[in-house]
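First comes the structure, then the notes that go with it.
If you want it as structure tokens, here you go:
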């Protein structure tokens, strides 16, 4: 695949000057066009995190720690201040089946080290949980209305989906993705591929292809793949920095609008596996 190493991506965002000098895609109207600038943020960012049973407790803990450490990192805090407002609005929820989503962090503003630390603590202090099924479409459909339920006006609206398997519950993921993108939302992906595909956990090979072709969408959408446990935290930090800065990974090929990519992985592969095994 078009494998882009985390180190390569990180090199593109560590220089604050470069981050500040790059324009973010899909920007909303400028600050002067907003009726209340005090509610304007650079990004409305939704962190949607998979807690299905295919994720073991250690992975769930490392994933949580990864987000908390990313928010406290100097790279993230430096990038935060390169935007027009120097602040973002963020919410964090966990998801499994189509009707199973739990908000861990309600919408909050991050505008510096103190607020970032407060958000990180709130994420870390919530009890870990696991649940059945995997509905990426359910997570997207749950996420989109959250943008209209907060008082902030983001120059960009981004959903960050992390997970270790394909959609196997709820409506097809492409339907949810396309509906979100039509509303101006960008969906980025963090496919977790730290274990060998297992029949018992409904893992698939080439989950990165699946996320690229079936999950992400919108101008500048991208995937950062995690292929080893020791890269969890680095990948999450890199991804958050890029989302705040509005960057796309170096060498990432963004298809021309309306141009269909040839299918590499069926976007219904998860549903098919579930049907073949349990007939429902």
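Numbering (mature numbering (1 follows the signal peptide of the UniProt record, and there is no 0)), first residue to last: -23 to -1, 1 to 257. Even glycine gets a Cβ: it sits at the ideal position worked out from N, Cα and C.
Query	Result
Do three or more CB pairs link the stretch 113 to 125 to the stretch 144 to 151 at distances below 8 Å?	yes
Locate the beta strand (DSSP E) running through residue 17, then write down its first and last residues.	17 to 27
From residue 324 to residue 74, what does the alpha carbon distance come to, in whole angstroms?	One cannot answer for residue 324 here, as it falls past the ends of the chain, which runs -23 to 257.
Return the chain-ordered ranges of every beta strand (DSSP E) run that is complete within the stretch 153 to 236 and spans a minimum of 3 residues.	163 to 168
So for residue 254, helix, strand or coil by DSSP?	helix
In the DSSP assignment, find the unbroken beta strand (DSSP E) run with residue 67 in it and report its ends.	65 to 72
Assign residue 21 to buried or exposed, taking buried as 16 or more other Cβ atoms, counted over all protein chains shown, within 10 Å of its Cβ.	buried
Quick check on residue 150: does DSSP put it in helix, strand or coil?	helix
Do the stretch 87 to 103 and the stretch 62 to 72 meet, that is, are 3 or more Cβ pairs less than 8 Å apart?	yes
Kindly indicate which three-state DSSP category residue 5 falls into: helix, strand or coil?	For residue 5, the predicted structure reports a pLDDT of 44, less than 50, and the residue's modelled location is therefore unreliable. The matter cannot be settled from this model.
So who's on the other strand from residue 141, going by DSSP bridges?	Answer by DSSP bridge pairing: none, since residue 141 is not bridged.
Relative to the C-alpha of residue 33, which candidate in 202, 195 and 105 has its C-alpha closest?	105
How is residue 131 classed by DSSP in three states: helix, strand or coil?	strand
Could you tell me how far apart the beta carbons of residue 212 and residue 201 are, in whole angstroms, since I believe they sit closer than 8 Å?	5 Å
Does residue 108 come out as helix, strand or coil in the three-state DSSP assignment?	strand
Could you work out which residue in 50, 180 and 119 is closest to residue 79 when comparing CA atoms only?	119
Quick check on the DSSP output: the alpha helix (DSSP H) that includes residue 123 runs from which residue to which?	113 to 125
Per DSSP, residue 87 forms a beta bridge with which residues?	65
Roughly how far, in whole angstroms, is the beta-carbon of residue 216 from the beta-carbon of residue 167, given that I think they are within contact range, below 8 Å?	6 Å
I need the boundaries of the alpha helix (DSSP H) containing residue 39, first residue and last residue.	34 to 49
Given this structure, state the Cα-to-Cα distance separating residue 103 from residue 191, to the nearest angstrom.	30 Å
Could you check the C-alpha separation between residue 172 and residue 251 for me, to the nearest Å?	20 Å
Can you tell me which of the three DSSP states residue 55 falls into?	helix
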